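Numbering-wise, full-length UniProt numbering puts 10 at position 10 of the sequence shown, and it's gapless, one number per residue.
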Amino acid sequence: MTNAQATDTYPGELADVPGWFPPLDQMLFTWFLERQQKQGMSGDLLELGVYMGKSAILLGHHLQGGEKFTVCDLFEGDAPDEANKAESTKSYASLTQQAFERNYLSFHDTLPTVIAAPSSVVSEKVAPDSCRFVHVDASHLYEHVYGDIGAAQDILLPEGIVVLDDFRSEHTPGVSVAAWEAVLNRGLRPVCLSTQKLYGTWGDPEPLQEELLDMLRQRTDVGLSVQEAAGHRLVRARSRGMKPPPFPPSRHYTAPVPASAPAAGVTESRAARPARPAPPGPAGSPRTCCPPWSPGPYGGHARSGPDPGVS
Ligand SMILES: C[S@@+](CC[C@H](N)C(=O)[O-])C[C@H]1O[C@@H](n2cnc3c(N)ncnc32)[C@H](O)[C@@H]1O
C-alpha cells in the first residue's frame with residue numbers, strides 16, 4: 001500500500017494537489033456553488049475532511065463577501081476510536097496540517113477557519129442554519145458519517161446542499177448505509193448522484209434538478225440517467241472523459257516553456273527532436289517544468305497520493 005506522496009512541493013495547479021476529487025465532482029461543486037451565487041443565496045461553507053486541500057481549495061474559491069469557510073480534519077491528531085485510527089493510519093498517514101495550509105495558501109490569501117479535531121465537535125463550533133454548502137468527507141465509518149450527516153442537517157440553511165463522499169464505493173459500505181438511511185428516514189432528498197458523491201438537500205430538490213438536468217443534457221462529456229426509487233427521483237451523472245473545469249493556477253504556477261522555434265537552416269528532423277527535460281528543482285521550489293505527480297484519470301493526474309482504500 002502506498003501513502004501520500006512527499007508533500008514538500010508547492011502546487012502550481014489544482015491538479016497538483018493530492019486528493020480525491022474527480023473532474024465530474026469539480027464541475028458539479030462549481031455548478032451548485034455558482035447557482036447559489038446567481039440566486040443571491042448567501043451562507044457559510046463547511047468541509048469535514050480536507051486531507052491535502054484539493055476540494056477545500058475549490059470551495060474557498062467560491063466564498064463570497066461576508067461568508068465564512070470552516071474546515072475540520074484530524075490532521076496529526078488522535079482519532080476518537082480504534083476503527084477511525086486504523087482508517088487514518090492506513091490512508092492518511094503522512095497528512096499534516098502544515099501541508100494542508102501550505103497547499104491552501106498557494107491558491108488563497110487567507111486560511112479558512114481550521115478545526116483540528118474529530119468532526120463530532122463541529123456542531124459546537126458552527127452555528128445552526130448558517131451554511132449553504134457542506135461537504136461530508138471525513139471518516140468513512142458508519143457511526144461517524146451518521147453523526148456528520150446529522151450535524152450537516154442542523155448546520156445547513158433550508159435550501160442548502162450537502163455532499164456525501166464515497167456513498168457507494170465498494171470499500172465504504174458504512175457510508176452507503178448512512179447515506180441511504182438519511183434518504184429513507186432522515187428527510188434527505190437526493191439531487192444528483194455522481195460516481196463518487198451523493199448531492200442532497202433538506203429543501204425542495206425539484207427546481208434544482210430541473211436546472212441541473214438542463215445543464216447536464218447540453219454536455220457531451222456526461223452520461224445521464226434518471227430513475228425513480230422509493231418516491232425519490234435519482235439523477236445519475238457519470239463522466240465521459242470529462243476534463244476538470246478551469247481553475248485559477250496557484251501563486252507558484254510557472255507556465256511551461258514553449259519549445260523554441262527552429263532556427264533558419266536547421267533541418268526538420270533536428271528541430272522536431274524533443275527538448276531535454278529540465279533537472280528537478282530543490283524540494284519546495286516552484287515547479288518550472290514537469291508536474292511532480294504522474295498523469296492519471298483525475299484532472300490529468302492520478303489519485304495522487306494516498307492509497308485509494310479509503311477516500
Ligand atoms: C478522503 S480524505 C478527504 C479528501 C479531501 N476532501 C479531498 O478532496 O481530497 C478524508 C480526511 O478525513 C480526515 N478524517 C478522518 N477521520 C476523521 C474524523 N473523525 N474527524 C475529522 N476528520 C477525519 C482524514 O484525516 C482525511 O484528511
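Idealized CB from N, CA, C, for every residue including glycine. Note that the coordinates shown come from a computational prediction; the quantities given were computed from them, not determined experimentally.
Spatial distance of residue i from residue j (CA atoms)
i	j	result
residue 18	residue 92	11 Å
residue 9	residue 245	23 Å
residue 15	residue 194	19 Å
residue 208	residue 158	13 Å
residue 30	residue 258	30 Å
residue 36	residue 182	23 Å
residue 218	residue 38	20 Å
residue 113	residue 189	29 Å
residue 130	residue 260	53 Å
residue 119	residue 241	34 Å
residue 124	residue 229	35 Å
residue 64	residue 44	9 Å
residue 205	residue 222	20 Å
residue 232	residue 256	48 Å
residue 99	residue 140	22 Å
residue 253	residue 82	40 Å
residue 49	residue 154	18 Å
residue 84	residue 69	25 Å
residue 40	residue 62	13 Å
N-terminal and C-terminal residue of the alpha helix (DSSP H) that residue i is part of
i	result
residue 122	122-125
residue 190	Looking at the DSSP string, residue 190 is not in any alpha helix (DSSP H); the run it does join, the beta strand (DSSP E), is 189-193.
residue 82	82-91
residue 143	142-155
Nearest residue (CA-CA) to residue i, options the options
i	options	result
residue 173	192, 194, 146	146
residue 224	68, 239, 232	239
residue 165	149, 157, 159	149
residue 180	171, 170, 198	198
residue 79	226, 229, 250, 117	117
residue 185	191, 192, 177	177
residue 167	210, 137, 187	137
residue 215	20, 22, 11, 34	34
residue 161	12, 11, 22, 47	47
residue 237	13, 23, 11, 58	23
residue 66	84, 42, 74	42
residue 211	227, 202, 196, 192	192
residue 235	98, 95, 200	200
residue 60	248, 126, 254	248
residue 28	58, 40, 13	58
residue 156	175, 132, 40	132
residue 128	143, 151, 196, 111	151
residue 196	21, 13, 11	21
residue 95	144, 243, 76	76
Reduced DSSP category for residue i - H, G, I as helix; E, B as strand; rest coil
i	result
residue 270	A caution first: residue 270 carries a pLDDT of 36, below 50, which makes its placement in the model too unreliable to give a value.
residue 110	coil
residue 13	coil
residue 63	coil
residue 241	coil
residue 32	helix
residue 208	helix
residue 19	coil
residue 182	helix
residue 259	coil
residue 160	strand
residue 234	strand
residue 116	strand
residue 25	helix
Residue span of the beta strand (DSSP E) that contains residue i, given as start and end
i	result
residue 229	222-229
residue 47	44-48
residue 73	69-73
residue 199	197-201
residue 132	131-136
8 Å Cβ cutoff, residue i in contact with chain C
i	result
residue 249	This model lacks chain C altogether; it includes just one protein chain.
Answer yes if the region 102-118 comes into contact with the region 46-63, meaning at least three C-beta pairs across the two stretches below 8 Å, and no otherwise.
The answer is yes - the region 102-118 touches the region 46-63, with three or more Cβ pairs under 8 Å.
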